[in-house]
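In our numbering, the protein residues as written are 1053 to 1335. Input: a single structure, listed below in structure tokens.
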Amino acid sequence: MATYAIGDVQGCYPELQRLLDKLRFDPAQDQLWFCGDLVNRGGQSLETLRLIHGLREQSIVTLGNHDLSLLAIAQRRPDAQARVNPELREVLFADDAPVLFEWLRSQKLLHHDEQLNWTMVHAGLAPMWTLRQAQRAAEDVERELSSPRHPRLLRNLFGNRPAVWSSRLQGLDRQRATINTMTRMRYCDVNGRIDFEAKGIPGTQKPGLYPWFSVPGMRRRDTRIVCGHWSALGRFAGLGVHAIDTGCVWGGQLTALRLDDEEPRYITVNAEAHRKRPPGSED
């Protein structure tokens, strides 16, 4: 049995198929972890969702900002849905969209495997969080997303405030702060306040900002973390963190990380030849 984490797919369906072939993925015994951002920009989000949904018994997904954005758009009126990009419209108006959305809403913000001692999140963790605090914050949002109350959260999903998570926050503010941290964060200050504009490689950020995994005084966590979201960072391993968004949708690679080996092992496929990064487009 093998366990593989896969970085941001973003609708890059041919590359995902090729990666699964290269892994010799066996659904009878292997497991896939997806770091989020399954959809948007790659051109085949509907096919990607259908493939991963078909492998749902063998897959664990942590939601990314693009996945949550799709769920939020699905709450809008049909005329508003019709104004989004063609790739997402194809998902929104698919016959099986209700099934796919119900499944997507039941996925996680954070996953921890005690036996493997790996934790998966799309973007990052607040520097003040212990693992248990992060789990509780994620569970709060996960319960809301999978409940009949989900439209209220999804209608209030967007916004850069609160930019810092605090135990004093309640209700929607607390849930939005958790979502911003776990699905959008790259850089923050020593108090965990997120800078939503800084997206470049470490060293390009303003003074007083740190990559979320190297904030001075951050809480120690005895777990390895696998994440995506930060394509400019690319493949990174250090400080207990393995980042595997290698920018497939921008012409890079789609990366899998084998988690059950004694030493983590990377398996990659190159992006399709037509993919390239439009200027200033990373999100």
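Beta carbons: idealized from backbone N, C-alpha and C, even for Gly.
Taking the DSSP output, what are the residues bridged to residue i?
i	result
tyrosine 1318	Leu1309
serine 1111	Leu1084
isoleucine 1058	Phe1086, Ala1308
histidine 1294	Val1278, Ala1289
valine 1143	Valine 1143 pairs with nothing; no bridge assigned.
isoleucine 1253	For isoleucine 1253, which the question treats as bridged, DSSP gives no partner whatsoever.
glycine 1299	Gln1305
proline 1179	In DSSP, proline 1179 forms no bridge with anything.
proline 1263	Tyr1239
Leaving out the 5 sequence neighbours to the left and right, which residues in its chain are closer than 7 Å to residue i when beta-carbon positions are compared?
i	result
glycine 1252	Ala1284
phenylalanine 1145	none
valine 1267	Pro1179, Cys1240, Val1242
glutamate 1154	none
histidine 1202	Arg1157, Glu1196
Between which two residues does the alpha helix (DSSP H) holding residue i run?
i	result
valine 1216	Taken as a continuous stretch (DSSP letters only), valine 1216 belongs to no alpha helix (DSSP H), as it is neither H nor E.
leucine 1235	At residue 1235 the sequence reads threonine, which differs from the leucine that was named. Looking at the DSSP string, the run of the alpha helix (DSSP H) that includes threonine 1235 is 1223-1236.
leucine 1120	1117-1125
aspartate 1078	Neither: aspartate 1078 is in no alpha helix (DSSP H) and is coded neither H nor E.
leucine 1101	1097-1106
aspartate 1165	Note, aspartate 1165: premise wrong, no alpha helix (DSSP H); beta strand (DSSP E) at 1162-1165.
tryptophan 1155	1149-1157
arginine 1204	1202-1207
proline 1130	1130-1133
Kindly indicate if chain D contains any beta-carbon less than 8 Å away from that of residue i.
i	result
glutamine 1167	You won't find chain D in this structure, because it holds only one protein chain.
Can you list, in chain order, the residues of its chain with a C-beta nearer than 6 Å to that of residue i? Leave out the 5 residues immediately preceding and following it.
i	result
aspartate 1089	Asp1060, Gln1062, Gly1116, His1118
arginine 1317	Arg1310
glutamine 1081	Met1053
alanine 1215	Arg1245, Ile1246
phenylalanine 1288	Ala1295
glutamine 1159	Val1113, Leu1115
phenylalanine 1248	Asn1212
asparagine 1322	Gln1305
threonine 1171	His1164, Thr1275, Ile1277
alanine 1190	Leu1161, Leu1162
tyrosine 1065	Gln1096, Glu1099, Thr1100
Can you round the beta-carbon distance between residue i and residue j to whole angstroms, since I take them to be within the 8 Å contact cut?
i	j	result
isoleucine 1231	histidine 1163	Rounded, the Cβ-Cβ distance is 16 Å, inconsistent with contact.
arginine 1157	serine 1198	6 Å
leucine 1205	leucine 1224	7 Å
leucine 1291	leucine 1071	With a Cβ gap of about 26 Å, leucine 1291 and leucine 1071 do not count as contacting.
Could you check where the beta strand (DSSP E) with residue i kicks off and where it finishes?
i	result
threonine 1171	1170-1173
leucine 1197	Taken as a continuous stretch (DSSP letters only), leucine 1197 belongs to no beta strand (DSSP E), being part of the alpha helix (DSSP H) at 1183-1197.
Within its chain, find whatever has a CB closer than 8 Å to the CB of residue i; leave out the 5 residues flanking it on each side and keep chain order.
i	result
leucine 1280	It should be noted that the sequence gives glycine, not leucine, for residue 1280. Hits under 8 Å: Gly1059, Asp1060, Cys1087, Gly1088, Asp1089, Gly1116, His1174, Ala1175, Ala1295, Ile1296, Asp1297.
arginine 1102	Asp1148, Leu1152
leucine 1168	Thr1055, Leu1311, Asp1312
alanine 1250	Arg1238, Tyr1239, Thr1256, Gln1257, Lys1258, Leu1261
glutamine 1187	Leu1162, His1164
>> Between the stretch 1311-1323 and the stretch 1053-1071, can you find at least three pairs of beta-carbon atoms closer than 8 Å?
In response: yes
> So does the stretch 1261-1275 actually touch the stretch 1182-1196, counting three or more Cβ pairs closer than 8 Å?
Replying inline: yes
> Does the stretch 1129-1142 come close enough to the stretch 1087-1102 to have 3 or more Cβ pairs within less than 8 Å?
Replying inline: yes
>> Could you check whether the stretch 1208-1225 touches the stretch 1145-1157, counting it as contact only if at least three pairs of C-beta atoms, one from each stretch, sit closer than 8 Å?
In response: no
>> Could you check whether the stretch 1107-1115 touches the stretch 1074-1084, counting it as contact only if at least three pairs of C-beta atoms, one from each stretch, sit closer than 8 Å?
In response: Contact between the stretch 1107-1115 and the stretch 1074-1084 is present, because at least three Cβ pairs lie under 8 Å.
> Given 8 Å as the limit, is there contact between the stretch 1256-1268 and the stretch 1237-1245, that is, 3 or more CB pairs closer than that?
Replying inline: Short answer: they touch.
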